[in-house]
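Asker: Residue numbers (UniProt numbering): 1 to 197.
Have a look at the structure that comes next, please.
If you want it as structure tokens, here you go:
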């Protein structure tokens, strides 16, 4: 019986530890997801700003192209650089989108695992309650048995000292059993208290 209680307590501690770890990982993923969203929004704003700059530069360059051949060449370099930067930003946005999808998938897995652990935890609560009821019943049986032995010992003749010695030995064993049962009950009570906290 004590082995079952210790096993149940170890299982509960393991489950609680896993739940805490999963909650920590979920919080970290949410934080990373928010950062990715912020980066994507920032990149989109920068992309729009760059596009506005490109449009402005294009308008200005169209006016200036007729004035100077060198200026047209330099403006083309600027356009190429800006277009390359826009392409890089687009690729970065696609990477952020893929990362967000992966993090959403991981959050879903963690949520499902947390629900599974909660279900196992609820099952453990029911088992602990059942074990406590069994221990209570055993203690009541020991109390009745102890009272019966004492009643029989009181009715015995004083000349049967050897039998009384056996009765005393049995009473001592019963008291030991009762002490162990009380210890088990206390362990179960503490387990339930930890579980409800």
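Glycine is no exception: its CB is placed at the ideal position from the N, C-alpha and C atoms.
Drop a sphere of 10 angstroms on the beta-carbon of residue 135, count the other beta-carbons inside from all chains shown, and report buried for 16 or more, exposed for fewer.
Answerer: Buried: at least 16 other Cβ atoms inside 10 Å.
Asker: CA-CA distance, residue 9 and residue 110?
Answerer: Each residue's Cα considered, the two are about 24 Å apart.
Asker: Answer with buried or exposed for residue 98, where buried requires no fewer than 16 other C-beta atoms within 10 angstroms of its C-beta.
Answerer: With fewer than 16 other Cβ atoms within 10 Å, it is exposed.
Asker: Rounded C-beta distance between residue 36 and residue 107? I'm assuming under 8 Å.
Answerer: About 12 Å separates the two Cβ atoms, so there is no contact after all.
Asker: Do residue 276 and residue 93 have their CB atoms nearer than 9 Å?
Answerer: With the chain running from 1 to 197 in the structure shown, residue 276 is simply not present.
Asker: Leaving out five residues before and five after residue 181 in sequence, what residues of the same chain have Cβ atoms less than 8 Å from its Cβ?
Answerer: So the list reads 135, 138, 139, 142, once near-sequence residues are dropped.
Asker: For residue 53, which residues of its own chain have a beta-carbon under 8 Å away from its beta-carbon, when the five flanking residues on both sides are left out?
Answerer: Around residue 53: 82.
Asker: Quick check: the Cα distance between residue 34 and residue 26, rounded to an integer number of angstroms?
Answerer: Residue 34 and residue 26: Cα-Cα distance of roughly 12 Å.
Asker: Pick out whichever of 123, 126, 51 has its Cα sitting closest to the Cα of residue 89.
Answerer: For residue 89, the nearest C-alpha among the options comes from 51.
Asker: When burial is assigned at 16 or more other CB atoms within 10 Å of the CB, is residue 147 buried or exposed?
Answerer: The residue in question, residue 147, is exposed, as its Cβ has fewer than 16 Cβ neighbours within 10 Å.
Asker: So residue 117 packs on residue 12, CB below 8 Å; how close in whole Å?
Answerer: With a Cβ gap of about 11 Å, residue 117 and residue 12 do not count as contacting.
Asker: So the candidates are 75, 186, 42; which of them puts its Cα closest to the Cα of residue 131?
Answerer: That would be 186, whose Cα lies nearest to the Cα of residue 131.
Asker: Could you check if residue 78 is buried or exposed, using at least 16 other CB atoms within 10 Å of its CB as the buried criterion?
Answerer: Exposed, because fewer than 16 other Cβ atoms sit within 10 Å of the Cβ of residue 78.
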